[in-house]
Amino acid sequence: MKCALVTGSSRGIGKAIAIQLAKDHNLHILINFSSNIEAAKETLNIIKENNGSGELINFNVGNSNAVNSAMTKWFEKNPKKHIEVLVNNAGITRDNLFPWVSEEDWDNVINISLKGMYNCTQAIIKKMLRNRYGRIINIASLSGLKGVPGQTNYSAAKGAMIASTKALSQEIAKRKITVNAIAPGFIHSDMTSDLDEEELKKMVPVNRFGTAEEVAHLASFLASDKASYITGEVININGGIYA
Ligand code: NAP
1336 MKCALVTGSS
1346 RGIGKAIAIQ
1356 LAKDHNLHIL
1366 INFSSNIEAA
1376 KETLNIIKEN
1386 NGSGELINFN
1396 VGNSNAVNSA
1406 MTKWFEKNPK
1416 KHIEVLVNNA
1426 GITRDNLFPW
1436 VSEEDWDNVI
1446 NISLKGMYNC
1456 TQAIIKKMLR
1466 NRYGRIINIA
1476 SLSGLKGVPG
1486 QTNYSAAKGA
1496 MIASTKALSQ
1506 EIAKRKITVN
1516 AIAPGFIHSD
1526 MTSDLDEEEL
1536 KKMVPVNRFG
1546 TAEEVAHLAS
1556 FLASDKASYI
1566 TGEVININGG
1576 IYA
């Protein structure tokens, strides 16, 4: 059985991606979350309502022991299942102007939004290489390309994620594994719910925030066979803000 692991799919963009991958590709979805089990169950319910299948898998992507232990147990229990698609989506922001960014906020953002990608990819890459097929999709950000004031920690994490995407894609392309990044601009989710949309949308040529579903359609395309010749790319989805 073919599976997809979507980190941080209890809410927001990850949730929409998990639902879309189940719909479009009939993948069994591993719904990862950090603490919000009720929201994770809701993602699973929606997938099941659409005749898909999935299961919850709880770990903090920033904790390598937790990731390894959960994934090792899962592989032991499911020897016939292959994770063909990995979406490194889990991420956090801790915004502040640089002089006031505490070491803790710097480290937490790097640990979850960047090292989480390392931890989760490490946990499955060898099996993907053996299987000679895979799709790795890293959810980066406009912040990692442009740099956003107040987000030096987050811009650093997402910028490094983009560079790592390009490097890894070249290492493993011959094994039919593609590695791409998606760089969303402003997308409706809990992460952006405190932002002043009326003011910020003036910066967006399309004149609105995007939806998680719009990002999910792009992720679904990158996860498909149709995207076999796209690797090492960073695809913007931002309403023209960075055109
Ligand atoms: P969100 O609404 O805040 O949802 C975050 C998701 O990540 C939740 O499912 C949360 O799980 C999970 N998560 C957080 N920390 C985690 C951890 N340590 N381990 C495992 N899961 C964790 O965020 P979002 O807006 O959907 O963002 C998703 C991704 O898109 C992030 O990487 C973000 O940086 C990126 N992005 C978002 C925007 C935007 O405008 N929204 C723009 C550019 C990029 P719980 O429910 O258990 O807390």
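Everything in the sequence shown is counted per the numbering used here, starting at 1336 for the first residue and increasing by one. Note that beta-carbon positions come from the ideal geometry of N, C-alpha and C, so glycine has one too. For clarity, every value in this text was computed on a predicted model and none was experimentally measured.
Is residue j closer than 8 Å to residue i when the C-beta atoms are compared?
i	j	result
Ser-1437	Asn-1395	no
Asn-1515	Ile-1472	yes
Phe-1544	Ile-1522	yes
His-1363	Lys-1416	yes
Val-1569	Ile-1507	no
Asn-1454	Val-1420	no
Gly-1347	Met-1526	yes
Ile-1354	Ile-1382	yes
Asn-1431	Gly-1451	no
Lys-1501	Ala-1475	no
Gly-1520	Gly-1485	no
Lys-1358	Asn-1380	no
Ile-1447	Leu-1340	no
Ala-1562	Ile-1352	no
Going by alpha carbons, who is nearest to residue i out of the options?
i	options	result
Lys-1509	Asn-1361, Gly-1469, Pro-1519	Gly-1469
Tyr-1489	Ala-1401, Leu-1503, Asp-1440, Met-1452	Asp-1440
Lys-1350	Thr-1546, Asn-1403, Arg-1429	Thr-1546
Gly-1567	Asn-1386, Thr-1513, Ile-1459	Thr-1513
Ile-1445	Leu-1340, Pro-1434, Gly-1426	Gly-1426
Lys-1461	Met-1406, Lys-1412, Asp-1442, Ala-1495	Met-1406
Asp-1529	Thr-1456, Asn-1466, Arg-1429	Arg-1429
Trp-1409	Asn-1393, Gly-1397, Glu-1377, Lys-1537	Asn-1393
Ala-1491	Ala-1374, Phe-1433, Ser-1404	Phe-1433
Thr-1456	Asn-1466, Leu-1477, Leu-1503	Leu-1503
Ser-1399	Ser-1524, Lys-1536, Leu-1449	Leu-1449
Thr-1342	Ile-1418, Glu-1533, Asn-1466, Asn-1542	Ile-1418
Thr-1487	Asn-1443, Ser-1524, Gln-1505, Asn-1466	Asn-1443
Cys-1338	Lys-1537, Glu-1533, Ser-1499, Asn-1466	Asn-1466
Met-1336	Ala-1558, Ser-1404, Pro-1414, Ala-1374	Pro-1414
Below 7 Å, is the gap between the Cβ of residue i and the nearest heavy atom of the ligand NAP?
i	result
Met-1406	no
Pro-1434	no
Phe-1521	yes
Asn-1424	yes
Thr-1513	no
Phe-1456	Position check: residue 1456 holds Thr in this sequence, whereas Phe was assumed. No - the ligand NAP has no heavy atom lying nearer than 7 Å to the Cβ of Thr-1456.
Met-1538	no
Arg-1346	yes
Phe-1368	yes
Leu-1477	yes
Ser-1524	yes
Asn-1371	yes
Ala-1374	yes
Give the DSSP-derived three-state secondary structure of residue i in the structure shown.
i	result
Leu-1365	strand
Pro-1519	strand
Ser-1388	strand
Ile-1572	strand
Ile-1474	strand
Asn-1413	coil
Gly-1426	coil
Val-1539	coil
Val-1420	strand
Lys-1561	helix
Gly-1451	helix
Asn-1466	helix
Asn-1371	coil
Leu-1480	helix
Lys-1511	coil
Assuming residue i contacts residue j (C-beta within less than 8 Å), just tell me the rounded distance between them.
i	j	result
Ala-1518	Gly-1479	7 Å
Ser-1388	Asn-1367	With a Cβ gap of about 16 Å, Ser-1388 and Asn-1367 do not count as contacting.
Leu-1365	Glu-1390	6 Å
Val-1550	Ile-1565	The Cβ separation is near 16 Å, so there is no contact.
Could you confirm whether any beta carbon from chain D is found closer than 8 Å to the beta carbon of residue i?
i	result
Lys-1408	This model lacks chain D altogether, as it is built from one protein chain only.
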